[in-house]
Amino acid sequence: MDANEARTRELLALKTIAETLNEATDLEPMLQGVLPKVLEALGFTTGWIFLTGPGPRAYRLIADHGLPPALCRDAKRPMSRGGCWCLDAYWGGGLERAANTMECKRLDEARRRQWGETHQISHHATVPLASGSVRFGLLNVAHPEKRHFSPQELALLESVALQIGTAIARVRLLQAQRDQARLEERNRLARDLHDSISQSLFSLNLLAQGARKLIHRDPEEAARALEEIQALAQESLQAMRSLIWQLRPEGLEQGLITALTQYGARLGLTVEVAVTGGGAVPQAVEEALWRIGQEALNNVRRHAGVDQVQVEYGLDREMVTLTVRDRGVGFQARAAGASGGFGLIGMRERAQSLGGDVTVRSRRGGGTEVRAIIPLPAASEGGGEAP
Ligand SMILES: Nc1ncnc2c1ncn2[C@@H]1O[C@H](COP(=O)(O)OP(=O)(O)OP(=O)(O)O)[C@@H](O)[C@H]1O
Ligand SMILES: [Mg+2]
Numbered sequence: 010m011d012a013n014e015a016r017t018r019e020l021l022a023l024k025t026i027a028e029t030l031n032e033a034t035d036l037e038p039m040l041q042g043v044l045p046k047v048l049e050a051l052g053f054t055t056g057w058i059f060l061t062g063p064g065p066r067a068y069r070l071i072a073d074h075g076l077p078p079a080l081c082r083d084a085k086r087p088m089s090r091g092g093c094w095c096l097d098a099y100w101g102g103g104l105e106r107a108a109n110t111m112e113c114k115r116l117d118e119a120r121r122r123q124w125g126e127t128h129q130i131s132h133h134a135t136v137p138l139a140s141g142s143v144r145f146g147l148l149n150v151a152h153p154e155k156r157h158f159s160p161q162e163l164a165l166l167e168s169v170a171l172q173i174g175t176a177i178a179r180v181r182l183l184q185a186q187r188d189q190a191r192l193e194e195r196n197r198l199a200r201d202l203h204d205s206i207s208q209s210l211f212s213l214n215l216l217a218q219g220a221r222k223l224i225h226r227d228p229e230e231a232a233r234a235l236e237e238i239q240a241l242a243q244e245s246l247q248a249m250r251s252l253i254w255q256l257r258p259e260g261l262e263q264g265l266i267t268a269l270t271q272y273g274a275r276l277g278l279t280v281e282v283a284v285t286g287g288g289a290v291p292q293a294v295e296e297a298l299w300r301i302g303q304e305a306l307n308n309v310r311r312h313a314g315v316d317q318v319q320v321e322y323g324l325d326r327e328m329v330t331l332t333v334r335d336r337g338v339g340f341q342a343r344a345a346g347a348s349g350g351f352g353l354i355g356m357r358e359r360a361q362s363l364g365g366d367v368t369v370r371s372r373r374g375g376g377t378e379v380r381a382i383i384p385l386p387a388a389s390e391g392g393g394e395a396p
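Numbers in our numbering are just positions in the sequence shown, counted from 1, shifted up by 9.
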């Protein structure tokens, strides 16, 4: 292979590495996936990655490739316990940026204790994984009978380590965002539970107390209270079911319209559906419409006084529209904001966070129409293009 060919191969390998790192959203599969590609680019057989922390001198083997049998024995126990010179150097501050060549304490021990085949690997190069001043761990690479790594090899290793460090930082940030979203969802649920279920239980308790006092004095009145208890319990049951159902992530698997139809049915509503246009929409848009649709159906169930509802879904190149319409009692839309409900506000916020909006048209006695419109990213930006 001439120098040009070698250079092309190296650049191609770097490109594949960058792509693998760029697409990943989870740490372990990302590192396990990128390691063989790094080794291939460098022309080495063996490599492993230690992530350090939490706490001082804690580490964990997160990815490995081509380890010799001596290090794989006992479910890779030699790789997960005890200290070694590379980690000592890393923690001691002696492994700042440059990759070094070191003898491997684990392999040395494996040889002395005759743990098995080491494939003549005795030394490895080590490079810290970091992003800015935050350090994550280290990457080791090795090759049979190789005791010295050239400056070019070390430079390539360093450039790959920089990419990996940046990718680890990105994925950690993504994880933190996911945790935050989960926390917010939990808070929302706690609020919903408080608003619907615990208030109903409170009322049920009062009604039951009243009924108990009345049971001998005024049996007819007591019977009415019991009827109320039954109706309220039934309502709470439905509210609880719908909360549980909202929690189930598989709601959207068969598509938004199926999910909304089923959700409506669970609330005791008959959902008439009309769909125009077609194609895929970004997941964030679909999820927002799912939540908006759920709340619109909740409102029909709770406030409209009818059990028929029309859902229209329209999709074209530029936008997606979801309309939920009922012919129920209606309300003064302008005054709704002051009613203390979070539903309409939440719907609007969800749509606006995606550049869209929700409009509500309602008239006393004239029914209610809730329409969410969310723009789609232009097809040239790789967004959901209608077929
Ligand atoms: N489909 C509808 N039919 C009749 N009235 C409605 C309808 N949708 C909303 N409303 C009225 O608008 C008000 C505000 O709705 P919103 O969803 O914001 O709050 P909510 O349903 O009362 O409480 P929550 O915060 O639990 O959703 C309701 O209290 C109700 O009076
Ligand atoms: Mg509501």
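Even for Gly, the Cβ is constructed at its ideal location relative to N, Cα and C.
Local conformation of residue i per DSSP, three classes
i	result
residue 243	helix
residue 87	helix
residue 317	strand
residue 78	helix
residue 73	strand
residue 332	strand
residue 30	helix
residue 273	helix
residue 159	coil
residue 169	helix
residue 211	helix
residue 358	helix
residue 63	coil
residue 401	For residue 401 there is no data in the structure shown, the boundaries of the chain being 10 and 396.
residue 138	strand
residue 352	helix
residue 236	helix
residue 372	coil
residue 17	helix
residue 11	coil
residue 102	coil
residue 127	coil
residue 42	helix
Boundaries (first-last residue) of the alpha helix (DSSP H) holding residue i
i	result
residue 131	Counting along the chain, residue 131 falls outside any alpha helix (DSSP H), and DSSP gives it neither H nor E.
residue 53	Premise fails: residue 53 is in no alpha helix (DSSP H) and is neither H nor E.
residue 118	114-121
residue 294	292-308
residue 283	Segment 279-285 is the beta strand (DSSP E) holding residue 283; no alpha helix (DSSP H) there.
Residue nearest to residue i in terms of C-alpha spacing, selected from the options
i	options	result
residue 135	18, 143, 119 and 162	162
residue 386	180, 253 and 293	293
residue 67	93, 47 and 75	93
residue 340	237, 308 and 364	308
residue 331	284, 64 and 229	284
residue 155	208, 176, 130 and 62	130
residue 296	334, 362 and 354	362
residue 373	313, 252, 266 and 238	313
residue 100	221, 64 and 288	64
residue 56	70, 75 and 69	75
residue 51	142, 241 and 133	133
residue 143	71, 115 and 174	174
residue 355	119, 304, 103 and 371	304
residue 61	212, 228, 183 and 148	148
residue 80	102, 49 and 126	126
residue 288	325, 113 and 228	325
residue 336	351, 89 and 315	315
residue 110	158, 119 and 91	158
Neighbourhood of residue i by C-beta, 7 angstroms cutoff - its chain only, sequence neighbours within 5 removed
i	result
residue 249	206
residue 359	297, 300 and 301
residue 273	280, 306 and 318
residue 342	369, 370 and 371
residue 224	231
Close beta carbons around residue i, own chain, < 8 angstroms, minus the five adjacent residues each side
i	result
residue 226	none
residue 347	Unreliable placement is indicated for residue 347, whose pLDDT of 46 sits below 50; no coordinate value is reported for it.
residue 328	365, 382, 383, 384 and 385
residue 392	Low local confidence applies: a pLDDT of 40 at residue 392 is under 50, so the model's placement there is unreliable, with the coordinate-based value given in what follows. 291, 385 and 386.
residue 220	231, 234, 235 and 238
residue 3	The shown model of the chain, from 10 to 396, leaves out residue 3, and the question about it has no answer.
residue 9	Lying outside 10 to 396, the shown extent of the chain, residue 9 is not represented and no answer is given.
residue 213	238, 241, 242 and 245
residue 48	54, 55, 56, 74, 75 and 150
Residue i: first and last residue of the uninterrupted beta strand (DSSP E) it sits in
i	result
residue 146	143-151
residue 382	377-384
residue 342	Counting along the chain, residue 342 falls outside any beta strand (DSSP E), and DSSP gives it neither H nor E.
Contact set for residue i: own chain, Cβ-Cβ below 6 angstroms, skip 5 residues either direction
i	result
residue 321	283 and 332
residue 15	none
residue 216	234, 237 and 238
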